[in-house]
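K.L.:
Structure below; questions to follow.
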Amino acid sequence: MPVPDALRHAVPASYAARATVDAGRAQLRAILERRDTRRIVVVGPCSIHDPAAALDYARRLAGLAHAVRDALCVVMRVYFEKPRTTVGWKGLINDPGLDGSHRVEEGLRTARRLLVDINALGLPVATEVLDVATPHYLSDLVSWAAIGARTTESQIHRELASGLAMPVGFKNGTDGQVDIAAHAMLASMRPHTFIGVDGAGSPALLHSTGNPHAHLVLRGGRHGPNYDAASVAAAVETLRAQRLTPNLLIDCSHANCGKQAMRQLAVLDDVVGQMRAGNEAIRGVMLESFIEDGAQPLGGALRYGCSITDPCIGWEATEDALLRARCLLTDDGTHAR
């Protein structure tokens, strides 16, 4: 395994990529601080398994992001690690060959190269932090990070988030409870001292200053969705009770759509309606989207541009949905239908 500094040297961030990361982080911070009235859209495949298809999608999304830039700050979802309820493919970093060979060094190199290429398009990137070692290799190329429902309660991930140089969204627990995420936000906003590794790969005592842009992501739970106005209001009250700024994103996928990919569009319409009604707490949304809709099982010949994990909406539906959201949020009827 290469040490983090070695991989960053072998696959360096280009000037264009660094500029995109800096601009992306600045825009996201401004939206969370209400200095920018736009909304965040984190959109992309459930997981990355084919770098060529991911870059194809990114090129399309970069053009769409430009078209909706007056209302939406689009960030591409680029997830390389998959938390599993039991077992299964753990993502491109762990198994880039999709064959159980677990060529992790190749996975890290492939992931870093893809992040450089996507950022070079002017498109900021979002990812989930699952393995606490991975950010040492990739975080300089990421503008937004998520801590997933299964890891929000983890002290290690809260400490790690406190030291990340980007906004971090904490998802509510798999049971739908928001308290866990609120506690995670509080913890990650504080300074921490913890054991980790340095750029040379040596054990080190790390000191974080706290992350002021931690926020909540509502993704539903085992008892149902939580994107509706009543659930959002309850989440806002929970945050305020903890003296936290009521900033949240709504994940239109997962339990909020009942794992029915096309249902994300109805969820998005509802959430945009809440924004239009004056809900300032909702700072953005998340969508799972790829070139083709649906999902396919891993094994055998794979269909290009189709997810091998959770089902996604296809490109045409994605384009239509974001153009419609942009029109509704700007009261421009050009593309609204």
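Quick note: UniProt numbering has the sequence shown finishing at residue 337, numbered continuously throughout. Glycine residues also receive a C-beta, built at the ideal position from the N, C-alpha and C atoms.
(1) Could you give the uninterrupted runs of the beta strand (DSSP E) lying entirely in the stretch 207 to 248, keeping only those of 3 residues or more?
(2) Would you mind giving the Cβ-Cβ distance between I250 and L218, rounded to the nearest angstrom? I have them listed as a contact below 8 Å.
(3) Go to R39, then tell me how far its beta strand (DSSP E) extends in each direction, as first and last residue.
(4) Counting only the same chain and skipping the five closest in sequence on each side, list residues whose C-beta sits under 6 Å from that of A17.
(5) Measuring alpha carbon to alpha carbon, tell me which residue in R69, V11, H49, A6 is nearest G24.
(6) In the stretch 108 to 178, which residue ranges form an unbroken alpha helix (DSSP H) of at least 4 residues, counting only runs that do not cross its ends?
(7) What is the DSSP secondary structure of S253, counted as helix, strand or coil?
(8) For the beta strand (DSSP E) containing I195, list its first residue and its last residue.
(9) Starting from E288, trace the beta strand (DSSP E) in both directions and tell me its first and last residue.
(10) Using beta-carbon positions only, say whether A149 and G173 come within less than 8 Å of one another.
(11) Alpha carbon to alpha carbon, how far is H213 from E288? Give it in angstroms, no decimals.
(12) Nearest-angstrom Cα distance between I31 and A281?
(13) For the putative contact between A54 and V78, defined by C-beta atoms under 8 Å, what is the C-beta separation to the nearest angstrom?
(14) Give me whichever residues DSSP pairs with S307 in a beta bridge.
(15) Ignoring anything shorter than 3 residues, give me the beta strand (DSSP E) runs that lie fully in the stretch 5 to 80, in order along the chain.
(16) In angstroms, rounded to a whole number, what distance separates the CA positions of L160 and E128?
P.N.:
Checking against the coordinates, here is how it stands:
(1) 214 to 218
(2) Contact holds; Cβ gap of about 5 Å.
(3) For R39, the enclosing beta strand (DSSP E) covers residues 39 to 44.
(4) Contacts found: V116, N119, A120.
(5) R69
(6) Runs found: 135 to 138, 155 to 162.
(7) coil
(8) Membership of I195 in the beta strand (DSSP E) is indicated by the continuous run 192 to 197.
(9) 282 to 288
(10) Cβ distance < 8 Å, so A149 and G173 count as in contact.
(11) Cα to Cα, the separation comes out at about 23 Å.
(12) 11 Å
(13) 7 Å
(14) A295
(15) Entirely contained in the stretch 5 to 80, the beta strand (DSSP E) runs reaching 3 residues are, in chain order, 39 to 44, 72 to 77.
(16) 12 Å
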